[in-house]
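For the sequence shown, my numbering gives the first residue as 802, with consecutive numbering after it. We put the CB at the ideal spot given by N, CA and C, even for glycine.
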Amino acid sequence: MKQTSFTPFTIILLTLLILSLLVSLGLVLYRYRSTTVLLEYARQQISAQALTIRTLEQDLLQAKENINALMGALTEEQHRMFVFDEQIKAITGVVGTLDKLSKTDPELLKKYSKVYFLNENYAPATLAALDAAYLYPEDTPEYIHSQALPFLRDLLQSAHGNGVELRIISAYRSFDEQISIKSGYKFIYGAGTANQFSADQGYSEHQLGTTIDFTTPETGTLSSGFKKTPAYTWLLDHAHEYGFVLSYPEKNTYYTFEPWHWRFVGVALAIELHAKNIHFYDMDQRDIDAYLISIFDPNKN
Ligand SMILES: [Zn+2]
């Protein structure tokens, strides 16, 4: 029987071979182990980073939501401020209108009649002297409601510019002056003060201080002849532009025709009356009253 025999050299060689294989295997295992550990470490790091990113994303989202909420609150607050501001403006407007109205004499646009006329104690708030150059006669001072004066001045200057000379015979008349005028004219009075003054419907309008009796240098008096003058025609065409209207026009049904007697009612109302070709005394008092607030407003045209 033949037996395989190993020489000592072979045994040593084999042993070395086996040892070297074992060492190599050990090294491979060691490397593998190390790599696994490193990979695990890296995986943990990545996982930690991912967590941090998620947290940051959530924080960012929360911050965005907070900003949106703040913007919403800001918009809401701005809207509230706007509404509040509008309310303040509206209230200020109403207060301004009421204040203006409370300072405007309601008598200035009242219709006077045989039963409704001004009280003897009534006087305009302020009076201003008329320019002597426009008076007839020049040495008799006349007064007008100071707020109506600029309108009358414009009217007189405009007429003059159109070659029309207007003069003023009478403007403001106090209650007492009216009594003396009446006495001078020897009017026949009825019983009692009210009846005495009902004889002149135009009287109250002169007591307002906003009414003018016009004449021309040629005419010189209050007469129906004034209606034939170019001055009267000019007034019919232009007086409304300055807020003046003819109180008692020809063929009116409430008082005798007075071509010389013109009353200031404000530009807006005068233009409205002229445009509709109706007269002040034909208009409803409630409709007239709507113009009181703007009576002294300048002509916007
Ligand atoms: Zn008059």
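Notebook entry, point to check: Any heavy atom of ligand 1 closer than 7 angstroms to the Cβ of glutamate 1059?
Noted result: Here residue 1059 corresponds to residue number 258 of the sequence shown, with the count starting at 1. Yes, the beta carbon of glutamate 1059 sits closer than 7 angstroms to at least one heavy atom of ligand 1.
Next item on the list: Note down the Cα distance separating glycine 1044 from glutamate 1006, rounded to an integer number of angstroms.
Entry: Mapped onto the sequence shown, residue 1044 falls at position 243. Mapped onto the sequence shown, residue 1006 falls at position 205. Approximately 15 angstroms, taken between the alpha carbons.
Next item on the list: Quick one: using the 10 Å Cβ neighbour count with 16 as the cut-off for buried, is glutamate 858 buried or exposed?
Entry: On the sequence shown, residue 858 is found 57 positions in, with the first residue counted as 1. Exposed, since its Cβ has fewer than 16 Cβ neighbours within 10 Å.
Next item on the list: Spatial neighbours of aspartate 955 within its chain, please: CB distance less than 7 angstroms, with the 5 preceding and 5 following residues excluded, ordered by chain position.
Entry: Taking the first residue of the sequence shown as 1, we reach residue 955 at position 154. Cβ neighbours of aspartate 955 beyond the five flanking positions: Tyr1043.
Notebook entry, point to check: Where isoleucine 1096 and lysine 901 are concerned, what is the direct C-alpha to C-alpha distance, given to the nearest angstrom?
Noted result: The residue labelled residue 1096 in the question sits at position 295 within the sequence shown. The residue labelled residue 901 in the question sits at position 100 within the sequence shown. Going by the C-alpha atoms only, they are around 11 angstroms apart.
Notebook entry, point to check: Curious, which full-length beta strand (DSSP E) runs of at least 3 residues does the stretch 919-987 contain?
Noted result: 928-930, 944-946, 968-971
Next item on the list: Give the DSSP bridge partners of arginine 1064, in chain order.
Entry: Numbered from 1 along the sequence shown, position 263 holds the residue referred to as residue 1064. Thr1012, Val1046, per the DSSP bridge assignment.
Note to self: Within a Cβ cutoff of 6 angstroms, which residues of the same chain sit near alanine 995, ignoring the five residues on either side of it in sequence?
What the structure shows: Translated into positions along the sequence shown, residue 995 becomes position 194. Only weak support exists for where alanine 995 lies, its pLDDT of 43 falling under 50; the value from the coordinates is given anyway. Within the same chain, alanine 995 has no close Cβ partners at all.
Margin query: On the DSSP letters alone, give me the boundaries of the alpha helix (DSSP H) that aspartate 860 sits inside.
Written below: By one-based count along the sequence shown, residue 860 stands at place 59. Segment 809-903, the alpha helix (DSSP H) holding aspartate 860.
Margin query: Check whether the stretch 1005-1024 and the stretch 911-930 are in contact - that is, three or more C-beta pairs closer than 8 angstroms.
Written below: yes
Next item on the list: Look at tyrosine 944 and alanine 929 and say whether their C-beta atoms are less than 8 angstroms apart.
Entry: Here residue 944 refers to the residue found at position 143 of the sequence shown. Here residue 929 refers to the residue found at position 128 of the sequence shown. Against a cut-off of 8 angstroms, the Cβ pair of alanine 929 and tyrosine 944 comes out as a contact.
Next item on the list: In angstroms with no decimal places, state the Cα-to-Cα distance between asparagine 867 and glutamine 846.
Entry: As a first step, residue 867 is located in the sequence shown; it is residue number 66 there, counting from the start. As a first step, residue 846 is located in the sequence shown; it is residue number 45 there, counting from the start. Cα to Cα, asparagine 867 sits roughly 31 angstroms from glutamine 846.
Check: Are threonine 1016 and isoleucine 970 close, meaning C-beta to C-beta below 8 angstroms?
Finding: By 1-based counting over the sequence shown, the position of residue 1016 is 215. By 1-based counting over the sequence shown, the position of residue 970 is 169. Yes.
Check: Where does isoleucine 1079 fall in DSSP's three states?
Finding: For this step, residue 1079 is matched to residue 278 along the sequence shown. The answer is coil: DSSP assigns isoleucine 1079 none of H, G, I, E or B.
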